[in-house]
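Asks:
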Amino acid sequence: MIWIEGITLGHVSKSLAYDVRTAPKEFELWALDDSSQDGEGALLLEGTYNINSSRNIQEFPLSPTKSRLVSQVLFKIKSNHGNPNLTRVYRVQIHGEMDHKTGGNDSDYLIPT
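Per UniProt numbering, residue 1 is the first one in the sequence shown, and the count goes up by one each step.
Structural data, given as structure tokens:
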């Protein structure tokens, strides 16, 4: 289980992008409820990726009042910057702290590459 602290979202830089309109715009991060069969969850974060920022990799901290212990999250893209056919995401990183009281190892949460 992990105490979620925030996320990092990345897209190719605006100066190098073939079509910057494919960058995600509005997004949500949800904590999924392990005990629910229908995928119910709690909204942790709503954010907007800014394609006009000088940084193509952007951080979105979680409000301390939204922090919770989770084992699964859902990253949901709500809109992009204008491409009607596709949205491209180059990086999504979930940041947090392991809760060692609930058991498990750090390696339980690593995704093989």
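Positions of the beta carbon are idealized from the N, C-alpha and C atoms, including for glycine.
Give me the Cβ distance between residue 91 and residue 10, rounded to the nearest whole Å; I'm assuming they're in contact under 8 Å.
Replies: Confirmed, about 3 Å.
Asks: Short check: CB of residue 26 to CB of residue 79, under 8 Å?
Replies: Yes, Cβ-Cβ distance for residue 26 and residue 79 is below 8 Å.
Asks: Can the beta-carbon of residue 14 be found closer than 8 Å to that of residue 56?
Replies: The answer is yes: Cβ separation under 8 Å.
Asks: Where residue 24 and residue 53 are concerned, what is the direct C-alpha to C-alpha distance, given to the nearest angstrom?
Replies: Rounded to whole angstroms, residue 24 to residue 53 spans 13 Å at the Cα level.
Asks: Name, in chain order, the residues that DSSP records as bridge partners for residue 40.
Replies: Paired residues: none, contrary to the question.
Asks: Any idea what DSSP makes of residue 92, helix, strand or coil?
Replies: Strand, per DSSP.
Asks: Taking the C-alpha atoms as reference points, what is the distance between residue 30 and residue 19?
Replies: Computed Cα separation, rounded: 28 Å.
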